[in-house]
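Counting the sequence shown from 1 gives a position; the working numbering is that position plus 87. C-beta: ideal position from N, C-alpha, C; glycine also. Here's the structure, in structure tokens; my notes come after.
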Amino acid sequence: MESTRRDGDTWDLASSVGATATMAAAARAIATREDRSLIDDPFAEPLVRAVGVDLLTRLATGEEAPGDLVGHVWIDLAKVRTKFYDEFFLDATNAGLTQAVILASGLDSRAYRLPWPAGTVVYELDQPQVVEFKTRALAELGATPTADRRVAAVDLRDDWPAALRTAGFDPARPTAWSAEGLLGYLPPEAQDRLLDTITELSAPGSRVATENRPNPRPGDEDTTKESLDRISEHWRAQNFDTDMTRLRYFGARNEAAPYLTDLGWTLTGTSIRDLLAANHLPPLEDDGMRMGDMRYVIGTLTNIGE
Ligand code: SAM
88 MESTRRDGDT WDLASSVGAT ATMAAAARAI ATREDRSLID DPFAEPLVRA
138 VGVDLLTRLA TGEEAPGDLV GHVWIDLAKV RTKFYDEFFL DATNAGLTQA
188 VILASGLDSR AYRLPWPAGT VVYELDQPQV VEFKTRALAE LGATPTADRR
238 VAAVDLRDDW PAALRTAGFD PARPTAWSAE GLLGYLPPEA QDRLLDTITE
288 LSAPGSRVAT ENRPNPRPGD EDTTKESLDR ISEHWRAQNF DTDMTRLRYF
338 GARNEAAPYL TDLGWTLTGT SIRDLLAANH LPPLEDDGMR MGDMRYVIGT
388 LTNIGE
């Protein structure tokens, strides 16, 4: 099956890759209702409502149970993933980093809900329609950023560093970067370029958090596609027209963690399997997509002289 993706494609939060940001926010809305000790994202539900995809709104508000649509694992993953990145940013900024960059920010509301230390600047990058929609929707909700929030509306396959600099980014200051839920939606060479560019823009002491999906073993990708097709069929049966399989890029690519190591980052990481266990959540069942093996990783660029 061919990807529906092409160079330079664009989207809003209801279509193509943009809809995956709304799905992620719907999962955070449900997860927030279930367990505020792991995740507390009060903006997730109103943002999903504002996007207006009926099924996702019904899920976010609790009118519809996730059930067969995705399985409860989707919600548990949102809990551990959100907690991981929340802690990453708070640890980094409490350790003195004053600049954070959220790549592919989607409907992420961290710039409005985390207790950032005074003086922190948070940059958010995503496609123009995504960034503009969220900024407007949160303003209409009366939300105010808890940091100095700046946005760069740009495609991450293009010259995003120029847009970031225009927004005020200072490469001389150590930065905390995140690329959450992004890499699989980039062509392999764009992923490498993104990680190269992050490294070039990182002063010593910078940190980066992202996901490392293990390279597929023979047959893995077919199983993943079948699972995503099944999920997409459920969504379509509920009048939400999406095709998750065709939004992602499959095939060989460099794994993010060893790639970052080769670029000079010192890495630590935890698998989803271990994160679920550490947070007393049920283990993954029938994990044909090998989600349990996916690792959330944090890289640090050593300070010169250490
Ligand atoms: N990080 C957010 C989260 O975890 O909720 C959003 C994740 S969502 C699964 C994927 C996001 O990546 C979307 O917001 C999408 O617009 C963004 N994205 C994917 N490819 C992109 C590109 N080439 N340029 C800009 N944004 C991109």
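Query, Result
"Is Ser293 close to ligand 1? I mean its beta-carbon at under 7 Å from any heavy atom of the ligand.", "no"
"Leaving out five residues before and five after Ser293 in sequence, what residues of the same chain have Cβ atoms less than 6 Å from its Cβ?", "Pro261, Thr262 and Leu388"
"Using the Cβ count rule (16 or more neighbours within 10 Å means buried), how would you classify Thr107?", "buried"
"Can you tell me the Cβ-Cβ gap for Arg115 and Asp128, rounded? I've got them flagged as a contact below 8 Å.", "4 Å"
"Are three or more beta carbon pairs between the stretch 269-285 and the stretch 242-261 nearer than 8 Å?", "yes"
"In whole angstroms, what separates the C-alpha of Ser103 from that of Arg92?", "9 Å"
"Excluding sequence positions up to five away, which residues of its chain have a Cβ less than 8 Å from the Cβ of Ile126?", "Arg115, Ala118, Thr119, Ala165, Lys166, Thr169, Lys170 and Asp173"
"Who are the near neighbours of Asp316 in its chain, counting only those whose CB is closer than 6 Å to its CB and skipping five residues on each side?", "Thr332"
"Restricting to runs no shorter than 4 residues, where is the alpha helix (DSSP H) found entirely within the stretch 337-384?", "343-349 and 359-365"
"What would DSSP say about Gln186, mapped onto helix, strand or coil?", "strand"
"Looking at the secondary structure, which residues open and close the alpha helix (DSSP H) in which Ser265 lies?", "Here Ser265 belongs to no alpha helix (DSSP H); instead the beta strand (DSSP E) covers Thr262 to Ala266."
"Using 8 Å as the cut-off, can you tell me whether the stretch 320-330 makes contact with the stretch 362-376, which would need three or more C-beta pairs spanning the two stretches below that distance?", "no"
"Quick check on this structure: which residue in Asp361, Gly379 and Tyr383 has the alpha carbon closest to the alpha carbon of Leu269?", "Tyr383"
"What's the C-alpha gap between Glu227 and Pro301?", "41 Å"
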